[in-house]
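In short: position in the sequence shown from 1, add 168, done, that's the working numbering.
Below: one structure, written as structure tokens.
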Amino acid sequence: MAIVGAGRVGCALGRRLREKGWRIGPVITRSMRTARAARRRIGTGQPQAGLSDAVLAADLILIATPDRAIAETAETLARILPARRSAAQGDDKDNRSGSARQTRGPRKSGGKAWRGKIALHTSGALGSDVLRPLALRGAAIGSLHPLQTFSGRNTPSLAGCACAIEGSTAALPMARRICRELGGVPVVLPQRRKAAYHAAAALAAGHVLAVIEAAVHILVTVGFPRKRAVRALLPLTRQTLANYERLGARAAWTGPLNRGDFSVIERHLEALRRFPREYREAYDALSRLGVNVLANGSSSKKRQLEQALTRISTD
Ligand SMILES: NC(=O)c1ccc[n+]([C@@H]2O[C@H](COP(=O)([O-])OP(=O)(O)OC[C@H]3O[C@@H](n4cnc5c(N)ncnc54)[C@H](OP(=O)(O)O)[C@@H]3O)[C@@H](O)[C@H]2O)c1
């Protein structure tokens, strides 16, 4: 396989697959420095700066560039033609220069070069249709999104993690196979649902950090040293998550909204006036999200809680 875009996800998946015995060929980033670093993290592969026909040696091309670069990457890949034999046999200088051997328009030989290959990207929000230029060349296209966070500082386990997969008939089995190989649980998701699916992932990952960081900032403002603020809040969050896992959202929810203590919520909102506007707005928006949990399916309870929140949150 070739890895195009060997950053946090490309390296982590490459490393895990190498450990499982997969053969990794080209490891492609935008510079030789990052490509070599990627090879070190993966533990194998041929580092390469920029796209070249070397990718055509692989049967599977894993595209793990940032979402905004996937369409352009697919277009560039689709323009790559097999080099003549002498050039294809490892002209390392070309790899170092990062020049992509490409043509501007479609050519028949390029179509043949891509036939039978599988290209998968790892975006959670985009469907495989973004790889259409490769499909037009004859490649099978799909996507494989591991529902895990990759910080680049470690290689997180994917055991038990859901992997959203979709793609053409020929690509889907490969996406499923990679997911299972990594210990993940494949979930077939139509591409029209991916944006909403990924919004959920963003809420459960990065947005959780935004909330905790806001809480830390508030504690710092009332006098906690930052480290102590983090240490004070993490046990609270951990226990809440543990309760959520064991008991569910309704039973795990504590706090004034659960108790119907609207005067306390009013005091919170008043105190948050001393912070940037988004603190108060986020608190209010999250309380309204919380209503969905606390109303427990009762529309009259939901209306009642919403009305109470509207009364106290009006500027
Ligand atoms: N990070 C996560 O937690 C996570 C989880 C699941 C899925 N994903 C998805 O996985 C994909 C990659 O995310 P990531 O976090 O691994 O990104 P990343 O760490 O920023 O790595 C991106 C890689 O693509 C290369 N690249 C950047 N811009 C490029 C461009 N314009 N053209 C060609 N290559 C380019 C980078 O090269 P250089 O190294 O030379 O800059 C780097 O190797 C995204 O679709 C993302 O949504 C991410």
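Glycine residues also receive a C-beta, built at the ideal position from the N, C-alpha and C atoms.
Since we're looking at a predicted model, the values are computed, not measured.
Closest to residue i by C-alpha separation, out of the options, would be which residue?
i	options	result
L315	E240, A367, A226	A367
I248	A232, A222, L228	A222
L228	A338, R396, R207	A338
S220	T233, I333, P250, G416	P250
V376	L409, K395, Y365	L409
P324	R448, M342, G352, R204	G352
R300	P358, G178, P215, T241	T241
A239	R471, A343, H289, R344	H289
A232	A217, V177, V384, P215	V177
A237	R283, N464, G175	G175
A226	I210, D235, V172, S431	V172
L350	A170, M169, R183	R183
P234	L340, A383, S291	S291
A293	R344, E243, C331	C331
Alpha carbon to alpha carbon, how far is residue j from residue i? Give it in angstroms, no decimals.
i	j	result
T212	G193	8 Å
K469	N426	12 Å
T202	I196	9 Å
T389	T422	24 Å
G374	K280	42 Å
R186	G320	17 Å
G218	A364	32 Å
L473	P215	58 Å
Y447	P354	37 Å
Q407	A453	23 Å
R360	D297	10 Å
L404	G391	19 Å
I333	L340	7 Å
L387	E413	27 Å
A439	R445	12 Å
R396	V384	9 Å
Which residue or residues does DSSP assign as beta-bridge partners of residue i?
i	result
Q216	I196
A170	I229
What first and last residue would you give for the beta strand (DSSP E) that runs through residue i?
i	result
G335	330 to 335
S311	308 to 314
V355	353 to 356
For the alpha helix (DSSP H) that contains residue i, what are its first and last residues?
i	result
V388	374 to 389
P424	424 to 427
I286	Taken as a continuous stretch (DSSP letters only), I286 belongs to no alpha helix (DSSP H), being part of the beta strand (DSSP E) at 286 to 289.
R448	445 to 462
R435	430 to 439
A410	394 to 415
K469	467 to 481
A303	300 to 304
A180	176 to 187
R345	340 to 349
Closer than 8 Å is the cut-off here; do at least three beta carbon pairs connect the stretch 474 to 483 with the stretch 451 to 461?
yes
Any contact between the stretch 281 to 295 and the stretch 305 to 322? By contact I mean 3 or more CB pairs, one from each, below 8 Å.
yes
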